[in-house]
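Below you'll find the structure, written out as structure tokens, and then a few comments.
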Amino acid sequence: MSDPSLLALRIQEIVQETNDTKSFILDPAQKLDYRAGQFLTLVFRKAGGGEDRRSYSISSSPVLDEPLQITVKRVANGAWSRWLIDSARPGDYLYTIGATGFFVLPEKPAEYRQLVFFAAGSGITPVFSLIKTALHTDAALKLVLVYSNSSPERTIFHDALLALQQQFPDRLRLDFLFSGLRPLRRLNVSIVENIAAQYGRDTLYYLCGPMEYMRTISIVLKTSGIAEHSIRKEIFHIEKPAIKELPPDALPHMVTAVIGGITHRFEVQYPATILQTAKALGIPVPYSCEAGQCGTCSADCLEGNVWMWHNDVLLDEELAAGRVLTCTGYPVGGDVVLKI
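Residue numbering for the sequence shown follows numbering that gives the first Met the number 0, beginning at 0 and increasing consecutively.
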């Protein structure tokens with residue numbers, strides 16, 4: 000793949016984590032910076048032309064002496080996850096636009112004394128990176144992981160998590176919930192309520208798993224008095240909203256986008272979003288989900304206003320600072336200037 004905007008990643012080693020999950024240890028052609036909890040967006044060329052983009056969470060830690068690693072679970076209807084699990088081999092190359100994502104550790108960890116993680120199945124992938132990084136960088140933080148699976152054999156990083164608990168017995172609490180073993184243990188409202196009551200409001204909560212799983216936990220946490228800004232979610236399976244709101248202004252406006260130091264100017268008008276317009280013009284705006292749920296396409300709005308029909312990833316403080324999503328965004332009320 001000759002696209003100069005993509006970074007080549009050589010598969011150095013493949014590790015079988017469970018019967019349907021593998022970790023891919025990668026050797027980047029050049030340095031790739033990332034934060035714990037972020038993901039790589041991989042670009043796959045289709046045989047008939049065009050490309051697919053898929054995002055996979057990074058499971059290595061940027062602060063440890065670990066090679067870059069992503070962990071992939073086989074998905075029944077996921078063509079590229081199946082290809083990675085069934086066909087990829089050491090020596091093969093993958094290609095990425097880089098690392099991104101907002102499911103990261105707090106900028107000011109001193110504001111929190113506790114981090115609580117809820118993970119189900121492959122939702123452990125970014126959480127594993129976060130836990131390793133937090134344990135090795137902030138001795139004051141205590142961590143709790145509530146991890147749901149059907150059995151120990153199907154639990155990704157089961158032994159590695161137990162090893163971390165032995166290494167940090169006073170700082171890491173593990174609670175494995177196995178729905179396929181007797182006595183059956185599933186996450187329920189009572190468990191979430193008890194955790195919220197025990198750890199309170201000076202705690203940051205991280206959620207990663209199926210959508211309904213995260214919705215339930217989020218609702219229970221909020222009804223227990225936990226503020227929205229203290230709950231962070233990572234969405235794996237994109238569900239495009241059924242109802243798309245209309246922007247308050249459907250007039251054409253100029254967008255000036257600074258990407259990698261290069262300035263692009265183009266006109267955007269509903270129904271095409273900023274991202275859709277840029278893609279049609281061949282302007283290299285980064286993107287992945289195209290549904291306002293991953294944050295790959297985010298930009299800083301330096302001038303003007305961008306209205307978004309959907310946002311599942313940017314927090315209130317990020318919105319207040321001018322962060323926007325180009326995949327669901329339209330310029331409204333005049334021209335805008337973006338830094339991407």
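Note that beta-carbon positions come from the ideal geometry of N, C-alpha and C, so glycine has one too.
Computed from a predicted structure; not experimentally measured.
Any C-beta of chain C under 8 Å from that of residue i
i: Val257; result: Checking the listed chains, one finds no chain C in this structure; it contains a single protein chain.
Cβ neighbour criterion (16 or more within 10 Å) applied to residue i
i: Gly49; result: exposed
i: Pro66; result: exposed
i: Leu93; result: buried
i: Thr222; result: exposed
i: His236; result: exposed
i: Glu12; result: exposed
i: Ala195; result: buried
i: Leu186; result: buried
i: Glu289; result: buried
i: Lys243; result: exposed
i: Gln29; result: exposed
i: Gly100; result: buried
i: Glu233; result: buried
i: Arg88; result: exposed
i: Asn148; result: buried
i: Leu160; result: buried
i: Val145; result: buried
i: Val14; result: exposed
i: Ser4; result: exposed
i: Leu183; result: exposed
i: Gly47; result: exposed
Residue i to residue j span [Cα, whole Å]
i: Glu152; j: Gly179; result: 11 Å
i: Leu398; j: Tyr111; result: Only positions 0 to 339 of the chain appear in the structure, and residue 398 is not among them; the question remains open.
i: Leu314; j: Ala277; result: 25 Å
i: Glu192; j: Cys207; result: 18 Å
i: Phe117; j: Leu83; result: 26 Å
i: Lys141; j: Arg200; result: 14 Å
i: Thr70; j: Pro251; result: 43 Å
i: Ile190; j: Leu220; result: 11 Å
i: Gly294; j: Ile339; result: 12 Å
i: Ser80; j: Gly333; result: 42 Å
i: Gly260; j: Asp299; result: 14 Å
i: Ser54; j: Gly90; result: 21 Å
i: Ile130; j: Val143; result: 9 Å
i: Tyr286; j: Thr136; result: 31 Å
i: Ala109; j: Met307; result: 32 Å
i: Ser150; j: Gly120; result: 10 Å
i: Thr215; j: Ala279; result: 39 Å
i: Val343; j: Ala78; result: Residue numbering for the chain in the displayed model covers 0 to 339; residue 343 lies beyond these limits and cannot be assessed.
i: Phe265; j: Ile282; result: 10 Å
i: Asp85; j: Leu8; result: 18 Å
i: Tyr212; j: Val74; result: 18 Å
i: Leu25; j: Leu6; result: 12 Å
i: Met210; j: Ser297; result: 22 Å
i: Asn76; j: Gln275; result: 26 Å
i: Ile10; j: Arg52; result: 18 Å
i: Asp158; j: Glu227; result: 33 Å
For residue j and residue i, believed in contact at Cβ under 8 Å, the rounded distance
i: Val323; j: Asp248; result: Rounded, the Cβ-Cβ distance is 15 Å, inconsistent with contact.
i: Gly291; j: His263; result: 22 Å between Cβ atoms; not a contact.
i: Val254; j: Val335; result: 5 Å
i: Phe156; j: Glu16; result: 7 Å
i: Thr20; j: Lys72; result: 4 Å
i: Gly122; j: Leu31; result: That pair is no contact at about 23 Å.
Identity of the residues DSSP links to residue i by a beta bridge
i: Ser54; result: Thr40
i: Gln113; result: Lys141 and Thr202
i: Pro330; result: Val305
i: Gln165; result: Beta-bridge pairing links Gln165 to no other residue.
i: Lys72; result: Thr20
i: Ser297; result: Leu324
i: Val284; result: According to DSSP, Val284 bridges with nothing at all.
i: Phe177; result: Asn148
Heavy atom of the ligand NAP within 7 Å of residue i beta-carbon
i: Leu142; result: Among the ligands in the structure shown, none appear at all, so the ligand NAP cannot be discussed.
Beta carbon of residue i nearer than 8 Å to that of residue j
i: Gln377; j: Leu173; result: In this structure the chain extends from 0 to 339, so residue 377 is not present and cannot be described.
i: Ile273; j: Gly224; result: no
i: Thr95; j: Leu176; result: no
i: Arg231; j: Tyr205; result: yes
i: Ser58; j: Phe127; result: yes
i: Leu114; j: Thr202; result: yes
i: Pro105; j: Phe38; result: no
i: Pro61; j: Arg44; result: no
i: Gln68; j: Phe23; result: yes
i: Leu337; j: Val257; result: yes
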